[in-house]
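First to last, the sequence lines map onto chains A and B.
Each number in the working numbering corresponds to the 1-based position in the first sequence with 283 added.
Each number in the working numbering corresponds to the 1-based position in the second sequence with 1444 added.
Working notes, structure below.
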Amino acid sequence: MKLVIAIVRPEKINDVLEALYRAEVRGISMSRVQGHGGELDRVETYRGTTVKMGLSEKVRFEVAVSDDFVQRAIDAFCTGARTGEVGDGKIFVLPLEQAVRIRTGETDEGAVTPVDK
Amino acid sequence: MAVGEIASIRVSAGDTAWMLVATAMVLLMTPALGLFYAGLVRSKNTLNTFMMSIGAIAVAMVTWALVGYSLAFAKGDGFVGGLGHALMQGVGFAPRSGMAIPQLLFFAFQATFCIVTVALVSGAVVERMRFGPFLLFAGLWSVLVYAVLAHWSFGGGWLQAHGTLDFAGGVPVEMGSGFSALAAALVVGARKDYGRQALLPHNAVYVLLGAGLLWFGWFGFNGGSGFSTGHSSVLAFTNTLLTPACTLAVWFVLDLLRGRRVTAIGAATAIIVGCVAITPAGGYISPAWAMGLGALAALPSYAIILWRPRTRVDETLDVLAAHGTAGLTGILFIGFVAQLAWNGKSNGLLYGNAAQLGHQAIAALVGPAYAFTATFLLLRLIGLFMPLRATEHEEALGMDIVQHGEEAYATGEGAILVSTEVGLEGPVPVAQP
């Protein structure tokens, strides 16, 4: 059981969601974050003030999956989020100690397996 | 007419006072439209969308002063005015014939019409058209399309001479912008995600506030189009209250029938549709018929707003439905219900003058045809010299950052001050990790 964290470009959200859906990865959460991944900085000017924007808008997906699904989730993120330019993002896979589905009290593998109904 | 010819013609203080206010009210409509449009796009395109309206002020005011006003209102032939007022020659304190306000004020009032009409067309191409080509298009369009249509309708051109009634610009402003918008959308092409992803309005409050401010400005637009404080202005002013209110009410019912909920963005759209419908008809039809027009105008515009997103045509902010269609409805409606008792000019079909409907139908055919064709060719021509639209990558990033180097909702987090000497040369490379 792993926690897969993927940080991707906001404009690729829909492509990522579609790829995850095709990979049958269903339980996901998403948050908007700011980050820096080595891409070129943007220079913006507001009246006389010119600034270099060190942080770019990014989106962070978190998906808890059983071991069989880890590679499928990674492949889905890569397919959905890749543009080939610097700044496409990163995927981190972390061991997951415990998972509980609040509604039923199911734990671990049962909790991260999608419900069909 | 020379600037000095003042003595013989009387200027009315009351008319002038009202028209000064009305002109300022119409100018407010352009930033109001910017706000309305900005709310309808995604947040990454907020500023660019707003700036297209502001850009229209910069460009169209200048072209109007150089040649636009002259081509619309100087003596010429039926198709286009002459160059007698080019560079504002002879536009001074003396009134035009039949008016009691200085021509300089008439010039300013009509300029605000040209500006807002140019801004309206931008709704068709937001979120992907590059800003530079848009400004070039705006300048040329204001002369080649707007000034010509304005001449036809109220500069002494062939439509006006023929007997077409168009109070405040159903042909040049509403149908002119609406059918040009359709052509612009076809030439520029759809946004890359159009039809694949939901592209939703990012701030419905902007949309409602923009619509409210537009409605306010429209009292100057229609109420000022009598160029006086006389009956036609009072009638148009009151009708500008009645018609959109009725459109709103009917729009609510249509929303309820279709989705069981009344929508806010639908309401904002209804206000625009109602204001547009009464624009050509304001000073010509009775208040009761103005209410009828409001109710009727909701139907075709609502239908087109439902139908258009199912097509491949990404006429993004539905200028055709809100302006082209509602303007057409208003123009034709005059032909049925114009009343001599109210307008002192002509009756419509229901009051025994079928010919008026014929005059209106000609305007409803030729106005859109000219606007569509001229805009289509103009944009194709500009497209030969420069790319009209941003690249897919730029479109994904959003036009605010790409075209203006600003964000509407910048937080400033992670922003590093750059000294001006090195800062203005585009993206600054940073070390690769």
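Where is the CB? At the ideal position from N, CA and C, for every residue including glycine.
Treat the numbers as computed from the prediction; the structure is a model and nothing was measured.
Anyone know if the C-beta pair for residue i and residue j falls short of 8 angstroms?
i	j	result
G1522 of chain B	G1528 of chain B	no
T1769 of chain B	A1734 of chain B	no
V1560 of chain B	L1491 of chain B	no
G1633 of chain B	R1486 of chain B	no
V353 of chain A	V287 of chain A	yes
S1676 of chain B	G1613 of chain B	no
P1744 of chain B	T1682 of chain B	no
V299 of chain A	F360 of chain A	yes
E340 of chain A	V369 of chain A	no
H1837 of chain B	M1495 of chain B	no
V1763 of chain B	V1565 of chain B	yes
V1553 of chain B	A1466 of chain B	Note that residue 1553 of chain B is Phe in the sequence shown, not Val. In this structure, A1466 of chain B lies closer than 8 angstroms to F1553 of chain B by Cβ.
V1506 of chain B	A1530 of chain B	no
A1544 of chain B	S1672 of chain B	yes
A1629 of chain B	V1569 of chain B	yes
V376 of chain A	M284 of chain A	no
Using only the alpha-carbon positions, how far apart do residue i and residue j sit?
i	j	result
T1760 of chain B	D391 of chain A	47 angstroms
G1774 of chain B	Y1650 of chain B	27 angstroms
W1695 of chain B	A1625 of chain B	23 angstroms
H1595 of chain B	K1519 of chain B	10 angstroms
A1782 of chain B	Y1746 of chain B	25 angstroms
L1643 of chain B	D1637 of chain B	8 angstroms
I1716 of chain B	G1542 of chain B	31 angstroms
L1809 of chain B	W1662 of chain B	25 angstroms
S1514 of chain B	L1794 of chain B	37 angstroms
Q317 of chain A	R1574 of chain B	27 angstroms
I336 of chain A	R1704 of chain B	A small correction: the amino acid at residue 336 of chain A is Met; Ile does not occupy that position in the sequence shown. Answer to the nearest angstrom: the Cα atoms are 45 angstroms apart.
N1797 of chain B	G1779 of chain B	8 angstroms
L1698 of chain B	A1739 of chain B	11 angstroms
A1840 of chain B	L379 of chain A	34 angstroms
L1609 of chain B	P1724 of chain B	7 angstroms
K1789 of chain B	M1619 of chain B	23 angstroms
L1700 of chain B	G1567 of chain B	27 angstroms
G1448 of chain B	L1464 of chain B	For G1448 of chain B, the predicted model reports a pLDDT of 45, less than 50, meaning its position is unreliable; a value from the coordinates is still stated below. The alpha-carbon atoms of G1448 of chain B and L1464 of chain B are separated by roughly 21 angstroms.
A1504 of chain B	S312 of chain A	48 angstroms
S349 of chain A	Y304 of chain A	16 angstroms
A1627 of chain B	R365 of chain A	35 angstroms
V1631 of chain B	A1582 of chain B	15 angstroms
G1858 of chain B	G1670 of chain B	55 angstroms
S1621 of chain B	G320 of chain A	44 angstroms
L1656 of chain B	A347 of chain A	Just to set this straight, residue 1656 of chain B is Gly in the shown sequence, not Leu. When rounded, the distance between both Cα atoms is 47 angstroms.
P1577 of chain B	F1623 of chain B	19 angstroms
A1680 of chain B	L1737 of chain B	13 angstroms
Let me confirm a value: residue i is counted as buried when at least 16 other C-beta atoms fall within 10 Å, else exposed. Which label applies?
i	result
Y329 of chain A	exposed
F1551 of chain B	buried
I1845 of chain B	buried
A1457 of chain B	exposed
Y1481 of chain B	buried
H1767 of chain B	buried
D1885 of chain B	Nothing in the structure corresponds to residue 1885 of chain B, since chain B is present only between 1445 and 1877.
T1819 of chain B	buried
I1501 of chain B	buried
I385 of chain A	exposed
H1606 of chain B	exposed
L1479 of chain B	buried
A1591 of chain B	buried
D324 of chain A	buried
V1771 of chain B	According to the sequence displayed, residue 1771 of chain B carries Gly and not Val. So G1771 of chain B counts as buried.
L1801 of chain B	buried
R1572 of chain B	buried
G388 of chain A	exposed
P1831 of chain B	exposed
T1691 of chain B	buried
Between residue i and residue j, how many whole angstroms is the CB-CB distance? I'm expecting something under 8 angstroms.
i	j	result
G372 of chain A	V291 of chain A	4 angstroms
L1584 of chain B	P1616 of chain B	The pair is not a contact, with the Cβ atoms about 16 angstroms apart (cut-off 8 angstroms).
L1580 of chain B	I1749 of chain B	Rounded, the Cβ-Cβ distance is 30 angstroms, inconsistent with contact.
F1660 of chain B	M1469 of chain B	7 angstroms
L1471 of chain B	T1556 of chain B	5 angstroms
N1666 of chain B	I1722 of chain B	6 angstroms
A1807 of chain B	L1603 of chain B	5 angstroms
E301 of chain A	G363 of chain A	7 angstroms
S1497 of chain B	T1460 of chain B	Rounded, the Cβ-Cβ distance is 28 angstroms, inconsistent with contact.
A1648 of chain B	G1483 of chain B	6 angstroms
Could you tell me whether any non-hydrogen atom of the ligand HEM is closer than 7 angstroms to the CB of residue i?
i	result
G1478 of chain B	Looking at this structure, you won't find the ligand HEM or any other ligand, since it has none at all.
What are the complete alpha helix (DSSP H) segments, minimum 4 residues, inside the stretch 1573 to 1629 of chain B? 1575 to 1585, 1592 to 1598, 1602 to 1606
Inside the stretch 1471 to 1544 of chain B only - alpha helix (DSSP H) runs reaching at least 4 residues: 1490 to 1507, 1513 to 1517
Every unbroken alpha helix (DSSP H) within the stretch 1691 to 1738 of chain B, with a cutoff of 4 residues, ordered by chain: 1708 to 1725
Runs of 4 residues minimum, wholly inside the stretch 1628 to 1671 of chain B: which ones carry the alpha helix (DSSP H) assignment? 1648 to 1667
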